[in-house]
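*Asks:* Positions in the sequence shown are counted from 1; adding 272 to them yields this note's numbering. Yeah, the Cβ is synthetic: ideal placement off N, Cα and C, and Gly gets one too. Note that this is a predicted model, so its numbers are computed, not measured. Sending over a structure as structure tokens; questions will come in a sec.
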Amino acid sequence: MPVDEATPAVRPAAAAFPPRRVGSGARVTPRRGRGGRRAERVAPYVLLAPALLILLLLRFWPLLLGVNFSFTGDGDRDGLAVGLDNYRELFGDPLFLGALRNVGLLVLLLPVAVAIPGLLATFIYLRVPGHRLYRSVYFFPAVLSPVIVGAIFNLLLAFDGPLNALLGGVGLGPVDWLGDPDVAMFVVVGVHVWATFGMALVVFLAGFATLDASLLDAARVDGASLPQTIRHVIVPSLSRTIQFVVVTTMIGMLTSMFGLLYVMTSGGPEGSTYLPEYYIWIQQGQLNRPALASAASTVLFLIMLVVGLLQISLLRRAVREA
273 MPVDEATPAV
283 RPAAAAFPPR
293 RVGSGARVTP
303 RRGRGGRRAE
313 RVAPYVLLAP
323 ALLILLLLRF
333 WPLLLGVNFS
343 FTGDGDRDGL
353 AVGLDNYREL
363 FGDPLFLGAL
373 RNVGLLVLLL
383 PVAVAIPGLL
393 ATFIYLRVPG
403 HRLYRSVYFF
413 PAVLSPVIVG
423 AIFNLLLAFD
433 GPLNALLGGV
443 GLGPVDWLGD
453 PDVAMFVVVG
463 VHVWATFGMA
473 LVVFLAGFAT
483 LDASLLDAAR
493 VDGASLPQTI
503 RHVIVPSLSR
513 TIQFVVVTTM
523 IGMLTSMFGL
533 LYVMTSGGPE
543 GSTYLPEYYI
553 WIQQGQLNRP
563 ALASAASTVL
573 FLIMLVVGLL
583 QISLLRRAVR
593 EA
């Protein structure tokens with residue numbers, strides 16, 4: 273039968289859809305089925321499961337047990353539910369109230385404790401003369417135990433010690449650094465900052481490693497001063513690092529000063545250097561009142577949670593305004 277020349281010939285399906293030729297530089301991505309996509313979604317949770325399980329068993333579960341134990345009694349009422357009696361006793365105890373006032377002092381001094389390693393890290397990053405030596409010297413106190421640090425400063429700050437002898441040589445009267453209730457807490461906090469800022473310095477230096485150097489070059493070309501560079505370039509660029517240092521420094525000040533307090537002042541003079549962690553140890557270790565200590569621990573946890581969230585919120589607002 274003759275074929276009309278105006279009618280196009282019908283090509284076979286193989287000819288109409290020729291096979292794709294993959295060149296040497298092309299990549300063929302295999303299709304993933306539902307099982308593959310589901311495995312990708314589940315994989316992060318599987319990897320996080322061991323760490324979450326450890327936190328649940330060793331952190332959150334003991335925390336819940338401690339909170340529950342804080343509503344029981346001590347001594348003759350051991351194991352009996354007493355409601356809020358332990359908390360009423362806490363907030364009626366002058367020593368615990370003094371410890372809370374000292375927590376407020378720590379919160380006020382927290383920006384100073386963060387600014388010191390931040391500024392030193394800035395100077396090291398800008399390669400001031402001798403920056404390699406300074407980096408080692410600044411970190412050295414972090415390797416000393418609080419007991420050793422406390423013993424050293426007990427000798428330096430004694431009433432007849434070297435520091436008062438130096439002050440006497442320039443015509444200033446001696447200061448009872450560890451025996452004056454108005455001075456002792458500031459001294460202990462200062463020693464703690466000196467002994468621990470090396471770790472924060474390392475964190476800041478790690479944050480500087482992610483800083484875009486072109487921003488500093490642009491600020492230098494525009495004639496920005498060092499304070500302006502810190503405020504408008506470094507602080508916004510290191511906002512997450514600063515948040516991390518703020519939280520960890522606050523936790524360290526509230527939970528890692530026991531060694532210094534025990535060696536330097538033992539909570540004195542007149543209970544002026546009490547902190548919640550020292551109060552907890554006194555109630556648990558010396559007075560055998562674990563339920564009251566659990567109540568104080570719960571209050572300390574809530575303080576850290578509230579202060580940490582507040583500090584992060586204020587810091588984020590300051591970074592947005594910078």
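How is the alpha helix (DSSP H) around H504 delimited, first residue to last?
*Replies:* Judged by DSSP secondary structure, H504 falls outside any alpha helix (DSSP H); it is assigned neither H nor E.
*Asks:* Considering Cα atoms alone, identify which of A385, A423 and I523 is closest to Y534.
*Replies:* A423
*Asks:* Rounded to whole angstroms, what's the CA-CA distance from I326 to V493? Just pull it up for me.
*Replies:* 51 Å
*Asks:* At what residues does the alpha helix (DSSP H) containing D489 begin and finish?
*Replies:* Unbroken alpha helix (DSSP H) run through D489: A485 to V493.
*Asks:* Where does D454 fall in DSSP's three states?
*Replies:* coil
*Asks:* Less than 6 Å between C-beta atoms, sequence neighbours within five positions excluded: which residues of the same chain meet that for M525?
*Replies:* L378
*Asks:* Could you pull the DSSP bridge partners for G345 from this structure?
*Replies:* D350
*Asks:* How is the alpha helix (DSSP H) around Y551 delimited, first residue to last?
*Replies:* In this chain, the alpha helix (DSSP H) harbouring Y551 covers P548 to W553.
*Asks:* With three or more beta-carbon pairs closer than 8 Å as the criterion, would you say the region 477–486 touches the region 418–433?
*Replies:* no
*Asks:* Indicate the three-state DSSP secondary structure (helix, strand or coil) for D357 in the structure shown.
*Replies:* helix
*Asks:* Does the beta-carbon of W333 have 16 or more other beta-carbons within 10 angstroms, so that it is buried, or is it exposed?
*Replies:* exposed
*Asks:* So, do the region 557–571 and the region 347–365 have three or more beta carbon pairs nearer to each other than 8 Å?
*Replies:* yes
*Asks:* Pick helix, strand or coil for W449, following the three-state DSSP scheme.
*Replies:* coil
*Asks:* Measuring straight from C-alpha to C-alpha, what distance separates A490 and A496?
*Replies:* 9 Å
*Asks:* Distance check for T501 and Q515, CA to CA, integer angstroms please.
*Replies:* Between the C-alpha atoms of Q515 and T501 there is a straight-line separation of about 19 Å.
*Asks:* Residue range of the alpha helix (DSSP H) that V518 falls in?
*Replies:* Taken as a continuous stretch (DSSP letters only), the alpha helix (DSSP H) holding V518 covers S511 to T527.
*Asks:* Using the three-state DSSP reduction, which class does G443 fall into: helix, strand or coil?
*Replies:* coil
*Asks:* Using C-beta distances below 7 Å, list every residue in its chain close to N436, excluding the 5 sequence neighbours before and after it, in chain order.
*Replies:* P446 and V447
*Asks:* Between L487 and V505, is the Cβ-Cβ spacing less than 8 Å?
*Replies:* yes
*Asks:* For R561, name the three-state secondary structure that DSSP assigns.
*Replies:* coil
*Asks:* What do you reckon, are the CB atoms on A456 and S544 nearer than 8 Å?
*Replies:* yes
*Asks:* Where P453 and D432 are concerned, what is the direct C-alpha to C-alpha distance, given to the nearest angstrom?
*Replies:* 18 Å
*Asks:* Closer than 8 Å by C-beta to S417: which residues in its own chain qualify, once you throw out the five before and the five after it? Chain order, please.
*Replies:* G531
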